[in-house]
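Enquirer: Have a look at the structure that comes next, please.
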Amino acid sequence: MSSDPHRVAVLVYDGVKLLDVAGPADVFGEANLLGADYRIALVSTTGADVTSSVGMRVAVDGSAAAQPDPGTFLVPGGDVYPRTAVTRDLAEAAGDLAARAGRVASVCSGAFILGATGLLDGRRATTHWKITAELAARHPKARVEPDAIYVRDGTVYTSAGVTAGIDLALALVEEDHGPDISREVARSLVVYLQRPGGQSQFSAPLQGPPPRSPALRRIVDLVTADPVGDHSLPELAERLNVSTRHLSRLFREELGTTPARYVEAIRFDIAKSLLDQGYNATQAAAMAGFPSYESLRRVFSRELSLTPAGYRRRFATTRRGETDRP
């Protein structure tokens, strides 16, 4: 290991999310117990303390401009973004630190602050699944990957929401000190060293804006009301009084998918909801309209890199004694 300390500058601001700051900081702190030497400094644009998203004051170590060149520059997220535009002073402070840092990283909506500096232009990036579309719209030169837990593009790292900052920090520790130390840090914090699957484990893809076409919106209602019914292309076309060709074209042009895959996506979300409620995988498959448990397992494997049982263990209600089904 290098004898020189690795300086980590964390740029905080009013409305910053505490876990976005504390999660990565704890990873670096645990690594220090194993021989690393990370020196963490919290900085703000002016050097004044800031107030977090939950109203707690965050004491800072100085201004961004006065911070020595960091090995790692980290921008946490906060609920203030993307609701509002990134202020000029915050973007300038981030740009200055990024230019002087060995590598740059963001957690959650911190990607919007990096985006305001132009640093994401031409790069792959991610953020919290709820706001990936907004990041892509606001920074069209960035290549946003909505399902990633974190993304590395050169020396720029971006991560998904909140706890993904821990995943990112573990990856940075592994880059600096190898897998053994990062593995020990993960064990100490009782987290995954490499979390299986992507953000789709946590997102609800059909809870976005409804389709524009009344016919496609009607399909959501039909499948949700009777997931085990016949929702083949000919049956749907007949129910909607349109040709199969016209219905297929609507799906292709508006949603970029096929009717069969869209129906499967609705059933998949229903199955996830049933597993969340405590139903077992076989029950969820039958109630959501899948022909067998195996067909549900294949969809889970493709979408989440998890089995239905693995998903249920991870996300089902904690009140297992009251709601679990055999």
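Residues 52 to 377 in our numbering are what the sequence shown spells out, letter by letter. Glycine residues also receive a C-beta, built at the ideal position from the N, C-alpha and C atoms.
For V207, report the span of its beta strand (DSSP E) as first-last.
Expert: Residues 207 to 210.
Enquirer: Can you say whether R58 is buried or exposed, counting buried as having 16 or more other CB atoms within 10 angstroms of its CB?
Expert: Looking at its Cβ environment, which holds 16 or more other Cβ atoms inside 10 Å, R58 is buried.
Enquirer: Over what stretch of residues does the alpha helix (DSSP H) that includes I321 continue unbroken?
Expert: Residues 310 to 327.
Enquirer: Tell me which residue opens and which closes the beta strand (DSSP E) that A82 is part of.
Expert: Note, A82: premise wrong, no beta strand (DSSP E); alpha helix (DSSP H) at 69 to 84.
Enquirer: Where do the N-terminal and C-terminal ends of the beta strand (DSSP E) with H57 fall, by residue?
Expert: Run containing H57: 57 to 62, per the beta strand (DSSP E) assignment.
Enquirer: Is it right to say K181 is buried, meaning 16 or more other beta carbons lie within 10 angstroms of its own, or is it exposed?
Expert: Its Cβ being crowded by 16 or more others within 10 Å, K181 is buried.
Enquirer: Could you compute how far the alpha carbon of A152 sits from the alpha carbon of V61?
Expert: Distance between the alpha carbons of A152 and V61 is about 11 Å.
Enquirer: Can you tell me whether V105 is buried or exposed? The criterion is at least 16 other CB atoms within 10 Å of its CB, across all chains shown.
Expert: By the neighbour-count rule (16 or more Cβ atoms within 10 Å), V105 is not buried but exposed.
Enquirer: May I ask you to report which of helix, strand or coil DSSP gives R40?
Expert: Nothing in the structure corresponds to residue 40, since the chain is present only between 52 and 377.
Enquirer: Identify, in the order they occur along the chain, each residue of the same chain with its Cβ nearer than 7 Å to the Cβ of L221, setting aside the five sequence neighbours on each side.
Expert: Hits under 7 Å: V78, S233, V236, A237, L244.
Enquirer: Give the range of the beta strand (DSSP E) segment to which F124 is assigned.
Expert: Unbroken beta strand (DSSP E) run through F124: 123 to 126.
Enquirer: Residues in its own chain within less than 7 Å of E225 by CB, not counting five upstream and five downstream?
Expert: So the list reads S233, once near-sequence residues are dropped.
Enquirer: Does P359 pass the burial test, meaning 16 or more other C-beta atoms within 10 Å, or should it be called exposed?
Expert: That one is buried.
Enquirer: What's the gap between the Cα of D231 and the Cα of S239?
Expert: For D231 and S239, the distance between alpha carbons rounds to 12 Å.
Enquirer: Taking DSSP's pairing of strands, which residues face R263 in a bridge?
Expert: None; R263 has no bridge partner.
Enquirer: What does the alpha-carbon distance come out to for the pair T369 and G329?
Expert: Legend: pLDDT at T369 = 46, less than 50; position of this residue unreliable, no value from coordinates given.
Enquirer: Per DSSP, V109 is paired with what?
Expert: Paired residues: V101.
Enquirer: In the DSSP assignment, the alpha helix (DSSP H) including A167 goes from what residue to what residue?
Expert: Here the alpha helix (DSSP H) through A167 covers 161 to 167.
Enquirer: Could you give the residue range of the beta strand (DSSP E) that holds A203?
Expert: Position check: residue 203 holds Arg in this sequence, whereas Ala was assumed. Its beta strand (DSSP E) spans residues 201 to 204.
Enquirer: Measuring only the C-alpha atoms, how far is Y201 from V67?
Expert: Looking at the two C-alpha atoms, the distance is approximately 19 Å.
Enquirer: What residue from T123, D130, A117 has the CA that sits closest to A144's CA?
Expert: The shortest C-alpha separation from A144 is found at A117.
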